[in-house]
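Working notes, beginning with the structure itself.
Protein chains in written order, with the working numbering: chain A, -8 to 127; chain B, -8 to 127.
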């Protein structure tokens, strides 16, 4: 279970936001879970995340069991971040929030194919992304 | 369109989080959109939101067109906050994040009927909640 010491209420949405309610956590997860990015220097890069914030969020997400941190099999000096089942279970939330952003947020330029499939073949897309996230 | 002056990137998810990525905005929306709460003193109450934070979030959500602020028809001294179509379009995100919280967040105690229907009859539930949110 994700560990949060002082939940604001027992509402599942509130409990989820105790952990994920900030500007960066979900974007770091997006990169690991949906963009096949697994190294520190690749994460949050498009949005210019500060390294101290990235370190903090990776620590929180690891402690909460949404990602794992391992030695990179190809380069032992590097760390490799991978999604867990708990992290991959956020894929439907990422898709829905992305779809909302594509429809309603200014400046947004989405991947048209991905957004289309998240409407026309939602279950298939979730299964495919989940499989890819858990078997990178 | 939701107005954010300095988007971090054009990713729809990032643009959505420019507006909604904090601990409170989505909870305030939950109360208006899904819990039929419409007055200042009812919003964020279960989680003990501070009044200055609530004022700020209501202002942001109103400016971004997710909610409207009107005079209460039954008491002209009060303000009545209601969901717009843009706000109601977040219902699928709220359901998915709530479902994730129910499955994975410690301390979470969800509405079992609602969570069950968000799996077994997702489209029906979204339509029903949307209709209720837009016709309170």
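Don't be surprised by glycine CBs; every beta carbon is placed ideally from N, CA and C.
Just so you know, these numbers come straight off a predicted model, no measurement behind them.
Exercise. In the structure shown, what three-state DSSP assignment does residue 59/B receive?
Worked result: strand
Problem set entry | Classification of residue 92/B by the beta-carbon crowding that lies within 10 angstroms, buried from 16 upward | buried
For this session: Name the two residues that bound the continuous beta strand (DSSP E) containing residue 122/B.
Result: Counting along the chain, residue 122/B falls outside any beta strand (DSSP E), though it belongs to the alpha helix (DSSP H) covering 113 to 125.
For this session: For residue 5/A, decide whether its Cβ has a neighbour in chain B, counting only Cβ atoms nearer than 8 Å.
Result: yes
Exercise. From the beta carbon of residue 52/A, is the nearest beta carbon of chain B less than 8 Å away?
Worked result: no
Exercise. Among the residues of its own chain, which have a CB less than 8 Å from the CB of residue 32/A, if the five just before and after it don't count?
Worked result: none
Exercise. Where residue 119/B and residue -1/A are concerned, what is the direct C-alpha to C-alpha distance, given to the nearest angstrom?
Worked result: 28 Å
Exercise. What alpha helix (DSSP H) runs, 4 residues minimum, are completely inside the region 16 to 88 of chain A?
Worked result: 16 to 25, 42 to 54 and 76 to 79
Exercise. Based on Cα-Cα distance, which residue from 44/B, 7/B, 68/B and 26/B lies nearest to residue 74/B?
Worked result: 26/B
Exercise. Can you give the beta carbon distance from residue 88/A to residue 1/B, rounded, assuming they're within the 8 Å contact cut?
Worked result: No, residue 88/A and residue 1/B are not in contact; Cβ-Cβ is about 15 Å, not under 8 Å.
Problem set entry | Integer-rounded CB distance, given that residue 106/B should sit under 8 Å from residue 17/A | That pair is no contact at about 21 Å.
For this session: Measure from the alpha carbon of residue 45/B to the alpha carbon of each residue in 24/B, 55/B, 20/B and 65/B, then state which is nearest.
Result: 20/B
Problem set entry | Residues that residue 85/A contacts on chain B, provided the C-beta gap is smaller than 8 Å | 4
Problem set entry | Cβ distance (whole Å) where residue 49/B is taken to contact residue 72/B below 8 Å | 6 Å
Exercise. Would residue 44/A count as contacting chain B if we go by Cβ distances under 8 Å?
Worked result: no
Exercise. Apart from the five residues on each side of it in sequence, which residues of its chain come closer than 7 Å, Cβ to Cβ, to residue 35/B?
Worked result: 15, 18, 19, 22 and 45
For this session: For residue 80/B, count neighbouring Cβ atoms within 10 angstroms of its own Cβ and tell me buried if that reaches 16, exposed if not.
Result: buried
Problem set entry | Under 7 Å from the C-beta of residue 37/B: neighbouring residues of chain A | 0 and 2
Exercise. Who are the neighbours of residue 13/B on chain A, taking C-beta pairs under 9 Å?
Worked result: 8, 12, 13 and 14
Exercise. How would you write the range of the alpha helix (DSSP H) that residue 7/B sits in, first residue to last?
Worked result: 3 to 11
Exercise. What distance in whole Å lies between the Cβ atoms of residue 96/B and residue 6/A, which are believed to be in contact at a cut-off of 8 Å?
Worked result: 4 Å
Exercise. Looking at residue 121/A and residue 82/A, is the spacing between their C-beta atoms short of 8 Å?
Worked result: yes
Exercise. Using 8 Å as the limit for Cβ to Cβ distance, is residue 21/B near chain A?
Worked result: yes
Exercise. What does a CB cutoff of less than 7 Å around residue -8/A pick up in its chain, not counting 5 residues either side in sequence?
Worked result: In this prediction, residue -8/A has a pLDDT of 46, which is less than 50 and means its spatial position is unreliable; what the coordinates show is noted afterwards. Correct list: empty, nothing qualifies.
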